[in-house]
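Colleague: Numbering (our numbering), first residue to last: 21 to 280.
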């Protein structure tokens with residue numbers, strides 16, 4: 021694919037973050053703190069976001085940054101950043117973590133990069149141009165699975181999910197807990213079909229939302245509304261979206277699918 025200047029810059033931001041996060045991954049002297057919301061943050065989280073902010077400022081276009089660690093600069097054009105999605109994994113030496121970067125312009129997501137350097141894997145998308153991944157820049161697509169009995173599902177926090185998730189997981193062909201960014205990237209790749217989170221902030225879902233949508237999938241809250249900060253988040257292959265929403269709302273998805 022031809023990479024436009026905004027997406028090219030998003031890759032540059034991801035490169036800068038990767039150099040910091042991968043360099044401190046599994047460091048014996050890694051500094052870890054607890055934030056007021058009782059979630060952990062490392063020196064690498066902070067340094068990666070600071071590096072991204074510096075590059076955005078030096079670009080000189082007046083763009084802002086909304087980051088998990090240092091807040092929102094404001095403005096109609098902003099880079100939405102989670103410097104390390106999966107900080108608990110990062111702290112424990114588990115390689116399932118990534119930097120999430122998305123460009124939002126007047127409320128619309130224009131491009132996104134998800135970079136997981138410990139996995140040696142990167143995903144990206146641009147509005148209206150599709151989703152791509154890997155060293156060979158292969159275009160990726162969601163699956164064509166249409167029945168819950170044939171699908172693979174995943175959630176990060178089983179204990180926090182509504183009872184309707186039990187209905188989905190019980191009927192699914194396979195239920196797993198791939199977790200965090202990775203499960204949504206796997207939806208975009210067509211490897212799994214439904215991924216759900218009980219609560220996400222805007223920096224958690226913006227990049228993966230565009231990725232899934234550009235791969236042909238759908239994203240919403242459990243109620244079927246557009247994703248919103250602090251709300252639930254559901255990513256699917258589109259064919260199963262209404263059935264998943266119905267189950268999470270308490271409606272029998274089998275009846276819904278039989279009516280389709």
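Glycine included, every Cβ here is placed at the ideal spot set by N, Cα and C. A quick note: this is a predicted structure, and the numbers were derived from the prediction, not measured.
How many Å lie between residue 67 and residue 166 at the Cα?
Modeller: About 43 angstroms.
Colleague: Have a look at 155, 183, 225 and flag the residue whose alpha-carbon is nearest the alpha-carbon of residue 141.
Modeller: Checked all of 155, 183, 225; the closest Cα to residue 141 is 155.
Colleague: Starting from the Cα of residue 242, find the closest Cα among 264, 38, 187, 225 and give me that residue.
Modeller: For residue 242, the nearest C-alpha among the options comes from 264.
Colleague: Buried or exposed: residue 194, going by 16 or more other Cβ atoms within 10 Å of its Cβ?
Modeller: Exposed: under 16 other Cβ atoms inside 10 Å.
Colleague: Using C-beta distances below 7 angstroms, list every residue in its chain close to residue 105, excluding the 5 sequence neighbours before and after it, in chain order.
Modeller: Answer for residue 105: 117, 118, 120, 200, 201, 224, listed in chain order.
Colleague: Pop quiz: residue 86 and residue 33 are said to be a contact at Cβ under 8 angstroms. What is the actual Cβ separation, rounded to whole angstroms?
Modeller: Rounded, the Cβ-Cβ distance is 13 angstroms, inconsistent with contact.
Colleague: Taking only three categories from DSSP, how would you classify residue 51?
Modeller: DSSP places residue 51 in coil when its eight states are reduced to three.
Colleague: Leaving aside the five residues before and after residue 48 along the sequence, list all residues of the same chain whose C-beta is less than 6 angstroms from its C-beta, in chain order.
Modeller: Same-chain partners within the cutoff: there are none.
Colleague: Are the CB atoms of residue 252 and residue 129 nearer to each other than 7 angstroms?
Modeller: Not in contact: residue 252 and residue 129 (Cβ atoms no closer than 7 angstroms).
Colleague: Does residue 240 pass the burial test, meaning 16 or more other C-beta atoms within 10 Å, or should it be called exposed?
Modeller: Residue 240 should be labelled buried.
Colleague: Going by C-alpha to C-alpha distance, which of 234, 228, 191, 235 sits closest to residue 254?
Modeller: The option with the nearest alpha carbon to residue 254 is 228.
Colleague: Sorted by chain position, which residues of the same chain lie with C-beta nearer than 7 angstroms to residue 170's C-beta, five sequence neighbours on each side aside?
Modeller: Here the set comprises 193.
Colleague: Please classify residue 249 as buried or exposed, where buried requires at least 16 neighbouring CB atoms within 10 angstroms.
Modeller: Per the 10 Å Cβ criterion, exposed.
Colleague: I think residue 132 touches residue 231, with their Cβ atoms under 8 angstroms apart; what is that distance to the nearest whole Å?
Modeller: Their Cβ separation, rounded to whole angstroms, is 6 angstroms, which keeps residue 132 and residue 231 in contact under 8 angstroms.
Colleague: Can you look up residue 29 in the DSSP assignment and give me helix, strand or coil?
Modeller: Of the three classes helix, strand and coil, the one that applies to residue 29 here is helix, per DSSP.
Colleague: I want to know whether the region 95 to 109 touches the region 145 to 163 - three or more CB-CB distances under 8 angstroms.
Modeller: Result no; under three Cβ-Cβ pairs closer than 8 angstroms.
Colleague: So residue 173 packs on residue 214, CB below 8 angstroms; how close in whole Å?
Modeller: Rounded, the Cβ-Cβ distance is 4 angstroms, consistent with contact.
Colleague: Mapping DSSP to helix, strand and coil, what is residue 201?
Modeller: It is helical.
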